[in-house]
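Input: a single structure, listed below in structure tokens.
Residue numbers (our numbering): 2 to 104.
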């Protein structure tokens, strides 16, 4: 088996609107970052295996992570079956979602 880099982009046109991204089974070394070149924005995200109530600036869950402008977050290990829920504090953003997968 060969580990290949897989990439997805998810558009986030509105600030403080929740968007979702399904993590494929067997995804390894998941990296999240906002595409460079846009207005600097914070990325607020959490991961769940079920479908919780949609978030907003006022009702993010008690536990969530923040990625500051210009930074990225890598989750080491093998994932799959979860959904990443995210929102940004600036409009017109693109989330880059990179991971490795065995083919």
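All C-beta atoms in this analysis are idealised placements derived from N, C-alpha and C, irrespective of residue type, glycine included. From a predicted model like this one, the values you see are computed outputs, not experimental measurements.
| Item | Value |
| --- | --- |
| Within the continuous beta strand (DSSP E) that includes residue 20, where are the two ends? | 20-23 |
| With DSSP as the reference, identify every bridge partner of residue 17, one or two as the case may be. | DSSP, once it has assigned bridges, lists no residue as partnering residue 17. |
| Do residue 30 and residue 68 come within 9 Å of each other at the CB atom, strictly closer than that value? | no |
| For a test of the three-state rule: what should DSSP assign to residue 36, helix, strand or coil? | coil |
| Determine the contact status of residue 41 and residue 70, defining contact as a CB-CB distance below 9 Å. | yes |
| Express the C-alpha separation of residue 21 and residue 34 in angstroms, rounding to a whole number. | 14 Å |
| Residue 31 by DSSP, collapsed to three states: which one? | strand |
| Should residue 103 and residue 4 be called a contact, given that it needs their Cβ atoms to be closer than 9 Å? | yes |
| For residue 24 versus residue 84, is the C-beta distance shorter than 9 Å? | yes |
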